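S.K.: In the numbering used here, the protein residues as written are 2 to 583.
A virtual CB, placed ideally from N, CA and C, is assigned to each residue, including glycine.
These numbers come from a predicted model, not from an experiment.
Structure provided below as structure tokens; questions to follow.
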RNA sequence: GCGCCCGUAGCUCAGUGGAUAGAGCGCUGGCCUCCGAAGCCAGAGGUCGCAGGUUCGAAUCCUGCCGGGCGCGCCA
């Protein structure tokens, strides 16, 4: 039960009917059924006649006239006309819109759930931060975008798995282990001197070092690196993953699967992947061109084994083995993506930070090759987050100690504000995040503005309980209310917005753009605040009208439906709907 | 040099091929003798970077320029 979906069905039937008359089959083309920008063009407009006229050998306006002839018989349609080059514009019976409120009240938060995905399995991989330290704010954006996208796709009917790829192999974690060992010696009372330039300098390792000392005592002191490297590394990785999982928990992010690079590598998956590519002639030995546009005094041509990613649209072939014989990150990542595909995910989505943008093409090429075109793979690249405080940029420097971690920001403004702010831009756009703005209680702050609308709605319902003791204002009771009193243009405008919620969810899911949910909620909140304010000007237009329970009930049905849609959207965003502002 | 992203109101930005391009901020002017103003309403403000092309129709798709950001051998 979805107004736009129902009208679309009417159009499809009408198009099919005309096609039958003309002895042609209607092409499976997409056409619009949507609110026009300009309200003078009615409540719903369709370009169906413009889309199908060509295939039917008709003029668009003639086809539009035929569609109108079919559609005007429907009970739902109050007015219908042809306009411009062949748009069909219509106005529905107000009751058709109002009935949508009953549907919303019946569905609750589940309103807007869709079967678009038809249960197809989707793997969303996000965060995947190296286990070498706490998360920073940029990581937080990827975490929120990935988490909201996963929730959005789930609402749209996909079977979503949320996955984290743990880079627990390779030189980074060896470096982490050596950094920790340095701290460990310090903790044990030795004076190891300054840290090496490439070590991880953060203080967080001091606590981990103490924990290591508490567990193992001084047994690693004076030992050769071959002896301590592995146990210290394992300890470090575990500690860092605990740290990261804590950061994620504070943000309200939880993954279903933590995939280990080390386990993958030791399973032989990399070798299997590469030998498959070898058999298919997709590996070759070659010499890459030197990198352009940057200082390259160290560059020397070297023949190496390359993956033929240019055959799948990449700009250059890519190395798969380092000079020391170990795999490149790309090689293990190919194996990992093949593994995801083989675990039964035809749709793979990765959420990456801006610093990995240059790797998109080669990964697309790799998945294309490894799935034989069977996987739908896409990468959402999250642009930078510019932190500021009341308009002043917060300079971040690890050296100067002004580095701001994600955890600090979450503790400062709360997870809801962080999550909402992170979704106020498309993922590809750079995002300005002002710490003061995020907690400001004003129209400027979208988090507040949407939360406030929900709280106001809850407040009206509380007021109703006071004004009409003993009356039943449950969702079920409101769903049975006579809704005819909802006849103001502002009321109907809000109802139309609520009726558009399922469309919004589907469109956002198809585009993989969770930020659209934030925008939609802001618009719904604005319509609601406007309606609320009419009650300031004219008491007769308040939601709760003393002495008129029937009118109040009808209006509260709209109020409650609005709150449910906002809550439904906030649920996708992972933001709690508050019942009162404190 | 190549690749990706961005270019829309003074500022920050929405806008999956539709009709006269929107919102917030800022500016101007209005709405409560609080108990529904943490808000609302109205107004001014645009060559959608430029030039071609495709289309019945382009901010949206294609090509070429201009400007800005990010990235570019074995790092992850």
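#1: Please state whether DSSP places residue 535 in a helix, a strand or coil.
#2: Hey, how far is the Cα of residue 408 from the Cα of residue 388?
#3: Could you say if the stretch 184-197 and the stretch 337-355 meet the contact criterion of at least three C-beta pairs nearer than 8 Å?
#4: To which residues of the same chain is residue 526 closer than 6 Å at the C-beta, ignoring the five residues directly before and after it?
#5: How long is the line joining the alpha carbons of residue 207 and residue 151, rounded to whole angstroms?
#6: Using beta-carbon positions only, say whether residue 447 and residue 519 come within less than 8 Å of one another.
#7: Between 583, 549, 355, 146, which lies nearest to residue 510 when the distance is taken from Cα to Cα?
#8: Could you check where the alpha helix (DSSP H) with residue 644 kicks off and where it finishes?
#9: Does residue 293 pass the burial test, meaning 16 or more other C-beta atoms within 10 Å, or should it be called exposed?
#10: Tell me, to the nearest whole angstrom, how far the beta carbon of residue 577 is from that of residue 571; I am working on the premise that it is less than 8 Å.
#11: Write down the C-beta distance between residue 102 and residue 557 rounded to the nearest angstrom, noting that I regard them as a contact closer than 8 Å.
#12: Pick out whichever of 415, 466, 67 has its Cα sitting closest to the Cα of residue 23.
#13: Any chance the stretch 47-57 sits against the stretch 13-23, with 3 or more Cβ pairs inside 8 Å?
#14: Consult DSSP for residue 337 and reduce its assignment to one of helix, strand or coil.
#15: Is residue 164 helix, strand or coil by DSSP?
#16: State the CB to CB distance for the pair residue 497 and residue 36, rounded to an integer number of angstroms; the pair is presumed to be in contact (CB under 8 Å).
#17: Residue ranges of each alpha helix (DSSP H) run of no fewer than 4 residues wholly in the stretch 167-244, ordered along the chain?
#18: Since residue 405 and residue 245 are thought to touch, with beta carbons under 8 Å apart, how far apart are those beta carbons, to the nearest angstrom?
#19: Between which two residues does the alpha helix (DSSP H) carrying residue 104 extend?
#20: What is the rounded straight-line gap between the Cα of residue 181 and the Cα of residue 217?
#21: Taking the DSSP output, what are the residues bridged to residue 29?
#22: What does the Cβ neighbour count give for residue 60, buried or exposed, with the cut at 16 atoms within 10 Å?
#23: Residue 429: which of 196, 475, 512, 78 sits nearest, CA to CA?
#24: If distances are taken between C-alpha atoms only, which option among 209, 504, 12 comes closest to residue 112?
#25: On the three-state DSSP scale, how would you describe residue 86?
#26: What does DSSP give as the partner residue(s) for residue 305 in the beta ladder?
#27: In this structure, how does DSSP classify residue 63 when only helix, strand and coil are distinguished?
#28: Tell me the rounded alpha-carbon separation between residue 362 and residue 334.
#29: Which class does residue 432 belong to by DSSP, given the choice of helix, strand or coil?
#30: Between the stretch 133-143 and the stretch 90-98, can you find at least three pairs of beta-carbon atoms closer than 8 Å?
#31: In or out: residue 533 buried (at least 16 other Cβ within 10 Å) or exposed?
#32: According to DSSP, is residue 300 helix, strand or coil?
#33: Excluding the 5 residues flanking residue 72 on each side, which residues of the same chain have their C-beta closer than 8 Å to its C-beta?
#34: Please classify residue 118 as buried or exposed, where buried requires at least 16 neighbouring CB atoms within 10 angstroms.
#35: Measure the C-alpha to C-alpha separation of residue 187 and residue 132 and round it to an integer number of angstroms.
#36: When DSSP builds the beta bridges, which residues end up paired with residue 81?
M.R.: On the basis of the supplied data:
#1: As a position in the first chain, residue 535 is number 534, starting the count at 1. Helix at residue 535.
#2: On the first chain, residue 408 is found 407 positions in, with the first residue counted as 1. On the first chain, residue 388 is found 387 positions in, with the first residue counted as 1. Computed Cα separation, rounded: 14 Å.
#3: No, because fewer than three Cβ pairs between the stretch 184-197 and the stretch 337-355 fall closer than 8 Å, the two stretches do not touch.
#4: Against the first chain, residue 526 aligns to sequence position 525. Correct list, in chain order: 450, 451, 454.
#5: Counted from its first residue, the first chain places residue 207 at position 206. Counted from its first residue, the first chain places residue 151 at position 150. Cα-Cα distance, rounded: 36 Å.
#6: Locating residue 447 in the first chain gives position 446, counting from the first residue. Locating residue 519 in the first chain gives position 518, counting from the first residue. Cβ distance < 8 Å, so residue 447 and residue 519 count as in contact.
#7: Here the question's residue 510 lines up with position 509 in the first chain. Residue 146 holds the alpha-carbon nearest to the alpha-carbon of residue 510 among 583, 549, 355, 146.
#8: Past the edges of the chain, shown from 2 to 583, lies residue 644, and the structure says nothing about it.
#9: In the first chain, residue 293 corresponds to position 292, counting from 1. Exposed, by the Cβ-count rule.
#10: Looking up residue 577 in the first chain gives position 576. Looking up residue 571 in the first chain gives position 570. About 7 Å separates the two Cβ atoms, so the contact holds.
#11: Translated into the one-based positions of the first chain, residue 102 becomes position 101. Translated into the one-based positions of the first chain, residue 557 becomes position 556. Actually they are not in contact, since the Cβ atoms of residue 102 and residue 557 sit about 10 Å apart, beyond 8 Å.
#12: The sequence position of residue 23 within the first chain is 22, counting from 1. Cα-wise, what sits closest to residue 23 is 67.
#13: Yes: the two stretches touch, three or more of their Cβ pairs being nearer than 8 Å.
#14: Taking the first residue of the first chain as position 1, residue 337 is located at position 336. Of the three classes helix, strand and coil, the one that applies to residue 337 here is helix, per DSSP.
#15: Mapped onto the first chain, residue 164 falls at position 163. Of the three classes helix, strand and coil, the one that applies to residue 164 here is strand, per DSSP.
#16: The residue labelled residue 497 in the question sits at position 496 within the first chain. The residue labelled residue 36 in the question sits at position 35 within the first chain. That pair is a contact at about 7 Å.
#17: If we require 4 residues or more, the alpha helix (DSSP H) runs fully inside the stretch 167-244 come out as 172-188, 205-217.
#18: Here the question's residue 405 lines up with position 404 in the first chain. Here the question's residue 245 lines up with position 244 in the first chain. Contact doesn't hold; Cβ gap of about 16 Å is too wide.
#19: By one-based count along the first chain, residue 104 stands at place 103. That run of the alpha helix (DSSP H) goes 95-108.
#20: For this step, residue 181 is matched to residue 180 along the first chain. For this step, residue 217 is matched to residue 216 along the first chain. C-alpha of residue 181 to C-alpha of residue 217: approximately 14 Å in a straight line.
#21: The count along the first chain starts at 1 and reaches residue 29 at position 28. Bridge partners of residue 29 according to DSSP: none are assigned.
#22: Here residue 60 is taken as the residue at index 59 of the first chain, counted from 1. Answer is exposed; the Cβ neighbour count stays below 16.
#23: On the first chain, position 428 is the one that residue 429 refers to. Per the Cα distances, 512.
#24: Numbered from its first residue, the first chain carries residue 112 at position 111. When 209, 504, 12 are compared, the shortest CA-CA separation from residue 112 is found for 504.
#25: What you label residue 86 is simply residue 85 of the first chain in a count that begins at 1. In this structure, DSSP gives residue 86 a state outside helix and strand, which the three-state scheme calls coil.
#26: Position 304 of the first chain, counted from the start, is the residue given in the question as residue 305. Per DSSP, 287.
#27: Along the first chain, read from residue 1 onward, the residue named residue 63 stands at position 62. Helix.
#28: In the first chain, the residue the question calls residue 362 occupies position 361. In the first chain, the residue the question calls residue 334 occupies position 333. Their Cα atoms are separated by approximately 13 Å.
#29: Taking the first residue of the first chain as 1, we reach residue 432 at position 431. The three-state reading of DSSP puts residue 432 in strand, counting E and B together.
#30: Not touching, per the Cβ criterion.
#31: Translated into positions along the first chain, residue 533 becomes position 532. Per the 10 Å Cβ criterion, buried.
#32: Mapped onto the first chain, residue 300 falls at position 299. It is coil, neither helix nor strand.
#33: On the first chain, position 71 is the one that residue 72 refers to. Here the set comprises 11, 12, 15, 78, 81, 89, 91.
#34: Residue mapping note: residue 118 aligns to position 117 of the first chain, counting from 1. With 16 or more Cβ atoms within 10 Å of its Cβ, residue 118 is classed as buried.
#35: What you label residue 187 is simply residue 186 of the first chain in a count that begins at 1. What you label residue 132 is simply residue 131 of the first chain in a count that begins at 1. Residue 187 and residue 132 have their alpha carbons spaced roughly 22 Å apart.
#36: Residue 81 sits at position 80 when you count from the first residue of the first chain. Beta-bridge pairing links residue 81 to 91.
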